[in-house]
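Inspection log for the structure reproduced underneath, given as structure tokens.
Residue numbers (full-length UniProt numbering): 1 to 298.
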């Protein structure tokens, strides 16, 4: 009787053991189908976008190709800063000194005929606070934007802010020099800010308020440091303009907003794109004319 009982009971634990491996295999398979980056993007989409836009975001949000533009530009800026801080004469890392003042990359009004300086000034920074602030913000905002919009769009917005910053400075503060990537950083922030404001009702209110306040606080602190460097802490003849901040953020709120708001639309078919392109082109042409014929700079 005991043997009969064992034979009758034996199938139950055997069947249970057979099911358990099957159940355990199904769970890892389900987890492996979604990688770490996919989980991250799904979480971001739930917090930042309404349900009907999440699928579009997830189609664009991936790491192929990786955010190569913003990473490479940050490495280049850091490398130039280290070069001038370590191998060139530099009394301290906190404020501007002779090493970068004499750099062929720095924008100076008397050298504005060297056209590359209107772009190359973004590689040179006035000190530790300056470089760290720009790198931190452009990596935090730029990588997130490039995961969705890819390197070409982010690069165009970034460089348009850099150029707009130097041209605006040459017009409204024509006797001052210019260093730093703030024009490009502010272009990214301007485009991101406009999207946050325009799409505020479609996002979680608390997160939308946090994003807007974060940008406002950063811009306020950065402007404060720029004013301090321009009007308080400077050596005679080494006045660094802050107007590039304004030029960059205007470029971001126009050109940047158009680029970053077109998720599934072709830019060439978007009338806003052409309005911004025409307006930006007119501004560039006027700035060139001003620098050649009207500028009070030597």
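The beta carbon of each residue, even a glycine, is placed where N, CA and C say it ideally should be.
Rounded separation between residue 291 and residue 109 - CA only: 9 Å
The region 252 to 266 touching the region 178 to 189, judged by at least three CB pairs closer than 8 Å: yes
Cα-Cα separation between residue 144 and residue 298, rounded to whole angstroms: 42 Å
Alpha carbon of residue 36 to alpha carbon of residue 169, nearest angstrom: 44 Å
8 Å Cβ shell around residue 114 - same chain, five flanking residues per side excluded: 104
Local conformation of residue 262 per DSSP, three classes: coil
Per-residue DSSP class, three states only, for residue 292: helix
When 112, 181, 68 and 163 are compared against residue 80, the one with the closest alpha-carbon: 181
Nearest neighbour of residue 196, chosen from 231, 257, 140 and 226 [CA to CA]: 257
Buried/exposed call for residue 40, threshold 16 Cβ in 10 Å: exposed
Cβ-Cβ separation, residue 161 to residue 248 (assumed contact under 8 Å), whole Å: 4 Å
C-beta atoms of residue 77 and residue 131 nearer than 8 Å: yes
At least 3 beta-carbon pairs within less than 8 Å: the region 277 to 289 vs the region 198 to 211: no
Cα-Cα separation, residue 212 to residue 128: 26 Å
Bounding residues of the alpha helix (DSSP H) (the contiguous stretch that carries residue 107): No alpha helix (DSSP H) contains residue 107, which DSSP labels as neither H nor E.
Contacting residues, own chain, Cβ-Cβ under 7 Å from residue 100 (five flanking each side not counted): 84, 106, 124 and 179
Option nearest residue 174 by Cα separation, candidates 242, 183 and 262: 242
Buried versus exposed, by CB contacts within 10 Å (16 or more), residue 117: buried
Close beta carbons around residue 259, own chain, < 6 Å, minus the five adjacent residues each side: 153 and 157
Cβ neighbour criterion (16 or more within 10 Å) applied to residue 134: buried
Sequence-distant residues of its chain with Cβ nearer than 6 Å to residue 32 (five each side left out): Here the model assigns residue 32 a pLDDT of 44, short of 50, so the residue's position is not dependable, and the following value carries that caveat. Taken in chain order, the list of residues that qualify is empty.
Coil, strand or helix - residue 189 by DSSP: helix
N- and C-terminal bounds of the alpha helix (DSSP H) containing residue 130: 128 to 172
Buried versus exposed, by CB contacts within 10 Å (16 or more), residue 25: Residue placement at residue 25 is poorly supported in this model, since its pLDDT is 41, which falls under 50; the coordinates still yield a value, given next. Exposed is the call here.
Within-8 Å CB hit, residue 78 to chain B: The structure shown has no chain B; it contains just one protein chain.
Proximity of residue 142 and residue 70 at Cβ, strictly below 8 Å: yes
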